[in-house]
Every structure is written in structure tokens, then in C-alpha cells.
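When we follow the working numbering, the leftmost residue of the sequence shown carries the number 160, and every step to the right adds one. This report refers to the structure that appears directly beneath it.
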Amino acid sequence: IYNLMDVASLSNSSSPSSAQELSWNNVIAAQVKLAGVDAPNTIVVSIPAYPGAVNELLSSRADDHTSVQAYLSAHVAMKATPLLGKAFSEVEMEYRKAIYGIDSERPRWERCVGVAES
160 IYNLMDVASL SNSSSPSSAQ ELSWNNVIAA QVKLAGVDAP NTIVVSIPAY
210 PGAVNELLSS RADDHTSVQA YLSAHVAMKA TPLLGKAFSE VEMEYRKAIY
260 GIDSERPRWE RCVGVAES
């Protein structure tokens, strides 16, 4: 899915309006610094509502750090499953079957290319 968005439009400003919101400009700046590339003016966002939904989650759960930590931990774990071995990949595949209706895993070479490109 190709949703090109202007980086400046992800946040109204470079700093969040409340302590619980995420500064998307800072997130992108940190990622490009790690990658050693120049910051982009536009990015592809798979789900355009996601940045706002994350800020809404953080704002609505400001006093519930356990829920926010669980969400962020699950997100990191899902991104790391290709690197953690077969047992983790099998669990992720079961999750993908239940959530997305995917009934087979991509060939290993496609998964490797996906990891290399991410």
C-alpha cells in the first residue's frame, strides 16, 4: 500500500503537544541517523491513521503505563520474530493466520529479502 505523506504533516510541530504523545519527527530523525542517510521530506505510511492512533493511545493511557509498555513490547517482538528462530516464526505465522487469514508462510528467500530491505 502506497500512502506518501509529508514528514511535517505527521506532527503539527517537531515536538508533541503533550508529554504522552510521540514526536514522529524525532522518531524519523533517530531512524535516519542510525541508518546514516539524509532525512526524507516524504515517507510511505502503510496505514495513514496509525501515527494519530498511536498518539491517541498514548494520551488515553497516560496513567496506564502497563498497557503502553505491552503494546510497544508486542510491536518490537513482532518485528524481531524473523531474527529469533523457527519457534518464534511459527508463533508469528499462527498469529498472521488468525488476524490476516494468511494460510502459508512466504518462502525463506522472500523473508530474507524482506529483513534485508527493512
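Glycine is no exception: its CB is placed at the ideal position from the N, C-alpha and C atoms.
May I ask which residues mark the beginning and end of the beta strand (DSSP E) holding residue 242?
-> Numbered from 1 along the sequence shown, position 83 holds the residue referred to as residue 242. Annotation: residue 242 is outside any beta strand (DSSP E) and is labelled neither H nor E by DSSP.
Return the bridge partner residues of residue 222 from the DSSP annotation.
-> On the sequence shown, residue 222 is found 63 positions in, with the first residue counted as 1. According to DSSP, which records beta bridges pairwise, residue 222 is partnered with nothing at all.
Do you know how far the Cα of residue 222 is from the Cα of residue 193?
-> Translated into the one-based positions of the sequence shown, residue 193 becomes position 34. Translated into the one-based positions of the sequence shown, residue 222 becomes position 63. Cα-Cα distance, rounded: 31 Å.
With DSSP as the reference, label residue 187 as helix, strand or coil.
-> Position 28 of the sequence shown holds residue 187. Reduced to three states, the DSSP call for residue 187 is helix.
Count the other C-beta atoms from every protein chain shown that fall within 10 angstroms of the C-beta of residue 163, then say buried if there are 16 or more, exposed otherwise.
-> Within the sequence shown, numbered from 1, the residue matching residue 163 stands at position 4. Within a 10 Å sphere around the beta-carbon of residue 163 sit fewer than 16 other beta-carbons, which makes this residue exposed.
For residue 202, the three-state DSSP class (helix, strand or coil) | Within the sequence shown, residue 202 is the residue found at index 43, counting from 1. Correct three-state label for residue 202: strand.
Relative to the C-alpha of residue 213, which residue among 275, 199, 182 is closest?
-> Residue mapping note: residue 213 aligns to position 54 of the sequence shown, counting from 1. Taking each of 275, 199, 182 in turn and checking the Cα distance to residue 213, the smallest one comes out for 182.
For residue 256, collect the residues of the same chain with a Cβ closer than 7 Å to its Cβ; drop the 5 residues on either side in sequence, then sort them by chain order.
-> As a first step, residue 256 is located in the sequence shown; it is residue number 97 there, counting from the start. Sequence-distant Cβ neighbours of residue 256 in its own chain, meaning closer than 7 Å and more than five residues away, are 262.
Limits of the beta strand (DSSP E) - the one that residue 181 falls within = Counting from one through the sequence shown, the residue named residue 181 turns up at place 22. Judged by DSSP secondary structure, residue 181 falls outside any beta strand (DSSP E); it is assigned neither H nor E.
Just reading off the beta strand (DSSP E) that residue 165 is part of, what are its end residues?
-> For the purposes of this step, residue 165 is identified with residue 6 of the sequence shown, where counting begins at 1. Note, residue 165: beta strand (DSSP E), 163 to 165.
Residue closest to residue 266, alpha-carbon to alpha-carbon, out of 260, 254, 248 = To locate residue 266, count along the sequence shown from 1; it is residue 107. Residue nearest to residue 266 within the set 260, 254, 248 is 248 (criterion: CA-CA distance).
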